[in-house]
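Number of protein chains: 2
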Amino acid sequence: MLHSYPANAKSALVVGSVAFDNIKTPTTETGTILGGSACYGSIASSYFAPTQIVGVVGNDFGEEYVERLRKHSIDLTGLQRDESGKTFFWAGVYGENFATRETIDTQLNVFEHFDPTLPSSYQETPYVMLGNIHPSLQHRVLDQMTNHSFIAADTMNLWIDISRDDLMSLLPRLDLFVLNDDEAPMLTGEENPILAGKKILTMGPKSVLIKKGPHGALLFHPDGYFTFPAYPVTNLQDPTGAGDSFLGALMGYLASIDKTDFANLKKAVVYGTVTASITVEAFSCDSLETASRETIEKRFADLLAYVSLS
Amino acid sequence: MLHSYPANAKSALVVGSVAFDNIKTPTTETGTILGGSACYGSIASSYFAPTQIVGVVGNDFGEEYVERLRKHSIDLTGLQRDESGKTFFWAGVYGENFATRETIDTQLNVFEHFDPTLPSSYQETPYVMLGNIHPSLQHRVLDQMTNHSFIAADTMNLWIDISRDDLMSLLPRLDLFVLNDDEAPMLTGEENPILAGKKILTMGPKSVLIKKGPHGALLFHPDGYFTFPAYPVTNLQDPTGAGDSFLGALMGYLASIDKTDFANLKKAVVYGTVTASITVEAFSCDSLETASRETIEKRFADLLAYVSLS
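Pasting the structure below:
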């Protein structure tokens with residue numbers, strides 16, 4: 001077994017896309033590679049706690065890809081296989097210095113009619129990560145949960161743009177709402193990220209995390225404000241999946257200790273930060289998959305030292 | 001007396017421009033206001049240690065402006081008055097969300113022939129801040145120093161562009177070299193700020209500070225790497241002078257304790273961070289001038305709490 005978990009660790013459920021990506025950076029163009037928020041999120045979570053996945057793959061999703069998830073002890077009961085079509089495909093191009101990202105091609109394929117039905121064995125899973133999918137699907141997952149401790153959801157500019165009502169009605173159902181610093185102004189009309197975070201708190205979620213990529217993250221919580229810098233990455237290859245890895249690790253850590261108070265949520269944010277820093281050092285889930293709890297703990301300790309005043 | 005200093009505090013010397021600015025932001029256009037790196041730097045430093053200023057003003061620099069410096073117990077022996085012309089003038093416009101800054105007008109006036117001659121009483125001042133002026137003038141100041149403990153210099157894109165040789169020969173004379181995150185790639189050809197900082201360390205300065213504005217700062221030192229987020233400003237009025245206030249407070253703090261090891265330099269960076277956060281909440285030196293050591297200490301403690309995991 002690659003992973004061993006504390007005896008009292010709870011499980012984390014990760015819902016999102018399972019995808020094939022084609023990614024072009026200033027230096028490299030990949031072929032078809034494994035991607036999707038559920039893949040990044042579930043593998044990241046698996047370093048901390050037993051992890052379940054809900055997603056859909058198509059008839060082109062070979063056993064070798066399934067094996068990459070199985071290897072991380074991820075419960076695949078909720079991974080649907082739709083033989084009627086291909087797996088969700090996304091192609092994107094990053095500009096100079098990764099300052100911009102442009103979508104070149106999106107083929108929804110089997111994801112178009114994806115219904116995230118939870119296996120009965122998942123319905124009481126206490127820690128739930130709703131990866132970046134349509135907010136109506138995020139609602140649909142929560143409607144099936146009979147018991148939970150902590151629900152976190154990610155989103156993207158597209159849903160803020162075209163599905164604002166669904167997203168707004170989701171927010172009060174969340175313990176943690178996660179978004180990027182360019183999405184927070186879209187949602188709130190407030191350019192200052194501190195004011196934006198505080199404003200989102202009034203929209204219903206119990207806490208809000210604004211991610212600033214290489215500039216760290218801001219956590220808004222009823223018990224206070226927390227901010228932490230990013231891990232100093234010097235070998236950035238591909239930022240795709242950084243946010244999903246961040247949230248997956250954050251949720252896996254909370255599940256592993258089964259505590260969700262402010263102090264532990266802060267630690268979870270730092271675990272998310274350093275796990276994301278591993279993901280971006282290679283394409284696809286490659287470096288995330290070959291990490292270990294020890295490499296994550298090493299970066300956690302290093303990052304704490306980098307901000308230490310002593 | 002506004003300030004009282006520890007009995008063993010050393011003095012800090014601040015060299016730079018004394019200016020009149022006219023600043024336009026998305027919401028406001030100022031009239032002629034007090035500015036310049038030496039003003040921001042010396043007032044910031046004055047909260048921590050006895051501070052001396054070297055700069056030049058013209059025949060339009062009224063006593064009311066001198067009084068604003070004198071009020072902070074700043075030693076004005078080195079403030080030259082050139083009756084032959086007007087004070088250096090700069091007009092700039094900030095774009096939406098302060099994402100851009102454009103120079104509209106620069107009138108060097110008496111600054112054109114400024115020779116930073118040090119009064120003999122300054123020549124052994126141990127802590128020296130070389131504000132953002134031409135690197136040949138920064139050299140000229142150091143040439144007159146007979147004894148010093150810690151030299152820090154700021155710069156700007158213009159000098160990297162047109163006076164690279166002077167700047168490069170200055171670097172080995174510095175204990176701390178300070179620049180912005182958009183200037184570091186210009187100097188090094190390296191876009192990654194971590195790699196850029198490490199590269200600048202090889203160019204001669206004993207340590208390097210890269211400032212990222214609202215995203216905090218990165219310190220590169222032979223004893224290690226340090227990073228700290230910015231203070232969460234919600235009332236940004238004008239970023240002008242933030243960097244000068246940062247470095248002035250940093251130097252004033254070091255002078256006040258007369259220690260320059262890595263641990264104390266890290267504390268000095270946090271003092272710089274929070275002092276800069278005060279400056280940007282008003283135009284000119286207005287909020288910096290009306291601050292107090294207590295308000296600075298309050299932000300210092302708050303910022304430490306914001307990054308605390310406990």
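As you go down the protein sequences, you meet chains E and P in turn.
For the record, in the first sequence the residue sitting at position 34 is 34 according to the numbering used here, with numbers rising by one throughout.
For the record, in the second sequence the residue sitting at position 75 is 75 according to the numbering used here, with numbers rising by one throughout.
We put the beta carbon where it would ideally sit given N, CA and C, even for glycine.
Select from the options the residue whose C-alpha is nearest the C-alpha of residue i.
i, options, result
"Gly78 of chain E", "E:Thr28, E:Ser84, E:Val54", "E:Val54"
"Asp143 of chain E", "E:Thr202, E:Ser149, E:Ala99, E:Thr117", "E:Thr117"
"Thr290 of chain P", "P:Asn132, P:Tyr40, P:Thr106, P:Ile162", "P:Tyr40"
"Thr273 of chain E", "E:Phe228, E:Asn264, E:Asp261, E:Ser308", "E:Phe228"
"Tyr253 of chain P", "P:Pro126, P:Ala230, P:Ser308, P:Pro222", "P:Pro126"
"Glu63 of chain E", "E:Ala49, E:Thr51, E:Leu34", "E:Leu34"
"Asn192 of chain E", "P:Pro214, P:Ala7, P:Pro6", "P:Pro214"
"Lys212 of chain P", "P:Pro205, P:Pro222, P:Ala230", "P:Ala230"
"Trp90 of chain E", "E:Ile194, E:Thr106, E:Asn97, E:Asp75", "E:Thr106"
"Ser169 of chain E", "E:Ala263, E:Asp302, E:Gln138", "E:Gln138"
"Ile70 of chain P", "P:Ala242, P:Leu2, P:Ser136", "Just to set this straight, residue 70 of chain P is Arg in the shown sequence, not Ile. Nearest C-alpha to Arg70 of chain P: P:Leu2."
"Ala217 of chain E", "E:Ile104, E:Ile133, E:Ala242", "E:Ala242"
"Val56 of chain P", "P:Pro50, P:Lys198, P:Asp286, P:Val18", "P:Val18"
If residue i and residue j are in contact, beta carbons under 8 Å, what's the gap, nearest whole angstrom?
i, j, result
"Val110 of chain P", "Thr87 of chain P", "7 Å"
"Leu167 of chain P", "Trp159 of chain P", "5 Å"
"Asp175 of chain E", "Ile151 of chain E", "5 Å"
"Ala255 of chain E", "Lys10 of chain E", "5 Å"
"Val208 of chain P", "Phe220 of chain P", "4 Å"
"Thr30 of chain E", "Phe283 of chain E", "5 Å"
"Thr295 of chain E", "Ile278 of chain E", "7 Å"
"Ala44 of chain E", "Thr240 of chain E", "Contact doesn't hold; Cβ gap of about 13 Å is too wide."
"His72 of chain E", "Ser37 of chain E", "At roughly 16 Å, the Cβ-Cβ gap does not stay under 8 Å, so His72 of chain E and Ser37 of chain E are not in contact."
"Ile74 of chain E", "Ser42 of chain E", "5 Å"
"Leu195 of chain E", "Leu187 of chain E", "So it is not a contact: roughly 12 Å between Cβ atoms."
"Val141 of chain E", "Val280 of chain E", "The pair is not a contact, with the Cβ atoms about 27 Å apart (cut-off 8 Å)."
Between which two residues does the beta strand (DSSP E) harbouring residue i extend?
i, result
"Asn102 of chain E", "The sequence as given places Glu at residue 102 of chain E; Asn does not occur at that position. It spans 101-107 - the beta strand (DSSP E) in which Glu102 of chain E sits, taken as one unbroken run."
"Gln80 of chain E", "75-81"
"Gly55 of chain P", "51-57"
"Leu34 of chain P", "33-35"
"Tyr94 of chain E", "88-94"
"Ala153 of chain E", "150-154"
"Leu236 of chain P", "Per DSSP, Leu236 of chain P belongs to no beta strand (DSSP E) and is neither H nor E."
"Leu13 of chain P", "12-15"
"His3 of chain E", "Neither: His3 of chain E is in no beta strand (DSSP E) and is coded neither H nor E."
"His221 of chain E", "217-221"
"Tyr122 of chain P", "Where Tyr122 of chain P is concerned, there is no enclosing beta strand (DSSP E), given that its DSSP letter is neither H nor E."
"Tyr47 of chain P", "Note, Tyr47 of chain P: premise wrong, no beta strand (DSSP E); not H, not E."
So, is the C-beta of residue i closer than 9 Å to a C-beta in chain E?
i, result
"Glu297 of chain P", "no"
"Leu309 of chain P", "yes"
"Phe283 of chain P", "no"
"Asn132 of chain P", "no"
"Ala263 of chain P", "yes"
"Val233 of chain P", "yes"
"Gly224 of chain P", "yes"
"Tyr306 of chain P", "yes"
"Gly119 of chain P", "In the sequence as displayed, the identity of residue 119 of chain P is Pro instead of Gly. Output row for Pro119 of chain P: interface = no."
"Phe228 of chain P", "yes"
Counting along the chain, where does the alpha helix (DSSP H) carrying residue i start and finish?
i, result
"Asn264 of chain P", "262-279"
"His139 of chain E", "135-144"
"Met168 of chain E", "164-170"
"Val66 of chain E", "63-70"
"Leu250 of chain P", "242-257"
"Gly197 of chain P", "193-201"
"Phe20 of chain E", "Careful: Phe20 of chain E lies outside any alpha helix (DSSP H), inside the beta strand (DSSP E) at 19-24."
"Tyr306 of chain P", "293-306"
"Ala184 of chain P", "183-188"
"Leu209 of chain P", "Here Leu209 of chain P belongs to no alpha helix (DSSP H); instead the beta strand (DSSP E) covers 208-211."
"Leu288 of chain P", "286-289"
Does any residue of chain P bring its CB to less than 9 Å from the CB of residue i?
i, result
"Leu176 of chain E", "no"
"Asn97 of chain E", "yes"
"Val270 of chain E", "yes"
"Pro239 of chain E", "no"
"Lys267 of chain E", "yes"
"Leu167 of chain E", "no"
"Ala179 of chain E", "In the sequence as displayed, the identity of residue 179 of chain E is Leu instead of Ala. Chain P contact via Cβ: absent."
"Leu236 of chain E", "yes"
Less than 8 Å between the CB of residue i and some heavy atom of the ligand ZN, yes or no?
i, result
"Ala249 of chain P", "In the structure on display, the ligand ZN does not appear, and there are no ligands present to speak of."
Using a Cβ-Cβ cutoff of 7 Å, what residues of the segment 188-221 of chain E are near chain B? List them in chain order.
Absent here is chain B; the protein component of the structure consists of chains E and P.
Using 8 Å as the threshold, is the segment 257-270 of chain E in touch with the segment 232-240 of chain E, meaning 3 or more CB pairs across them?
The segment 257-270 of chain E is not in contact with the segment 232-240 of chain E.
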